[in-house]
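The structure under discussion appears below in the form of structure tokens.
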Amino acid sequence: GENVEQHPSTLSVQEGDSAVIKCTYSDSASNYFPWYKQELGKGPQLIIDIRSNVGEKKDQRIAVTLNKTAKHFSLHITETQPEDSAVYFCAASLSSGGSYIPTFGRGTSLIVHP
Amino acid sequence: DVKVTQSSRYLVKRTGEKVFLECVQDMDHENMFWYRQDPGLGLRLIYFSYDVKMKEKGDIPEGYSVSREKKERFSLILESASTNQTSMYLCASSDGTYPDRAFFGQGTRLTVV
Numbered sequence: 001g002e003n004v005e006q007h008p009s010t011l012s013v014q015e016g017d018s019a020v021i022k023c024t025y026s027d028s029a030s031n032y033f034p035w036y037k038q039e040l041g042k043g044p045q046l047i048i049d050i051r052s053n054v055g056e057k058k059d060q061r062i063a064v065t066l067n068k069t070a071k072h073f074s075l076h077i078t079e080t081q082p083e084d085s086a087v088y089f090c091a092a093s094l095s096s097g098g099s100y101i102p103t104f105g106r107g108t109s110l111i112v113h114p
Numbered sequence: 115d116v117k118v119t120q121s122s123r124y125l126v127k128r129t130g131e132k133v134f135l136e137c138v139q140d141m142d143h144e145n146m147f148w149y150r151q152d153p154g155l156g157l158r159l160i161y162f163s164y165d166v167k168m169k170e171k172g173d174i175p176e177g178y179s180v181s182r183e184k185k186e187r188f189s190l191i192l193e194s195a196s197t198n199q200t201s202m203y204l205c206a207s208s209d210g211t212y213p214d215r216a217f218f219g220q221g222t223r224l225t226v227v
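Next up, the structure:
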């Protein structure tokens, strides 16, 4: 099955700095890579996703890059703000029984210091 | 907006009790999932369902069962709760067009004492 590794487990930055979270996946058949943000006391919320037919996608201050050859993808957050503090999860999709089941990384706790 | 609602935010149950966690989604999604979230372990799939009365085991189904009698509702059942099932439980749903794009509920923090 698919295996997703996520690094770092904790990331501490100063407000205004950039933050980068990296994930690798094992199954070359995976073709969908979402990123979720989980704020304290809430469920994960999809913030950006990318499919394997593109190499980069951007939405305001966040961007995701994908390297299919190396089987890794990254989340980039620029000009970080305190409200970016949360746990971020990457995932890779695996087709099973007619439905695509995401396999999640273990999460990165991002702390943005004012 | 998709809304996935879990019936309880916090739950405390005794060892050996039968526990029901309920999840309802309002977007007519075909697929529904139950995950367990533990510190350092991320999200682990317990069960999923891609249609009414259909269910598939995930990565950690032992000690759990599920029920999906109606399309909008997916229940997780702990037949005999144990202390190692103390965890955060997350329900999610997705549609048939983008089945891999999951929307999560707010989570139920279950404590088994």
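Chains as they are written, first to last, in this note's numbering: chain A, 1 to 114; chain B, 115 to 227. Beta carbons are placed, not taken as given, at the ideal position from N, Cα and C, and that holds for glycine. Since the structure is predicted, the reported quantities are computational estimates derived from the model, not experimental observations.
Neighbour list for residue i in chain A, Cβ cutoff strictly below 7 Å
i              : result
Q220 (chain B) : K42, G43
A216 (chain B) : P102
Partners in chain A for residue i, counting only beta-carbon separations shorter than 8 Å
i              : result
L204 (chain B) : G43, P44
Assigned secondary structure, residue i (DSSP; H/G/I helix, E/B strand, else coil)
i              : result
T245 (chain B) : Past the boundaries of the shown model lies residue 245 (chain B); chain B is included only from 115 to 227, so the question cannot be answered.
Q199 (chain B) : helix
E5 (chain A)   : strand
E144 (chain B) : coil
D27 (chain A)  : coil
E183 (chain B) : strand
D84 (chain A)  : helix
I174 (chain B) : coil
Q139 (chain B) : strand
E193 (chain B) : coil
Chain B contact for residue i (CB, 8 Å cutoff)
i              : result
R61 (chain A)  : no
T78 (chain A)  : no
S93 (chain A)  : yes
G105 (chain A) : yes
Partner residues on chain B for residue i, Cβ-Cβ distance less than 9 Å
i              : result
S85 (chain A)  : Those within 9 Å of S85 (chain A) in chain B number zero; the least Cβ separation is about 17 Å.
P82 (chain A)  : Those do not exist, as P82 (chain A) stays about 22 Å from chain B at its closest Cβ, beyond 9 Å.
P114 (chain A) : Correct list: empty, because the minimum Cβ distance to chain B is about 25 Å.
Integer-rounded CB distance, given that residue j should sit under 8 Å from residue i
i              : j              : result
K132 (chain B) : E193 (chain B) : 6 Å
K71 (chain A)  : Y25 (chain A)  : 5 Å
Q151 (chain B) : V118 (chain B) : Their Cβ separation, rounded to whole angstroms, is 15 Å, which puts Q151 (chain B) and V118 (chain B) out of contact at 8 Å.
Chain A contact for residue i (CB, 8 Å cutoff)
i              : result
F162 (chain B) : yes
L157 (chain B) : yes
K117 (chain B) : no
Neighbouring residues, chain B, relative to residue i (Cβ below 8 Å)
i             : result
D49 (chain A) : R215
Interface residues of chain B facing residue i [CB-CB closer than 7 Å]
i             : result
F89 (chain A) : G156, L157
Beta-carbon gap between residue i and residue j smaller than 8 Å
i              : j              : result
G43 (chain A)  : G156 (chain B) : no
V190 (chain A) : C23 (chain A)  : Because chain A spans 1 through 114 in this model, residue 190 (chain A) falls outside it and cannot be assessed.
Y178 (chain B) : L190 (chain B) : yes
S93 (chain A)  : S12 (chain A)  : no
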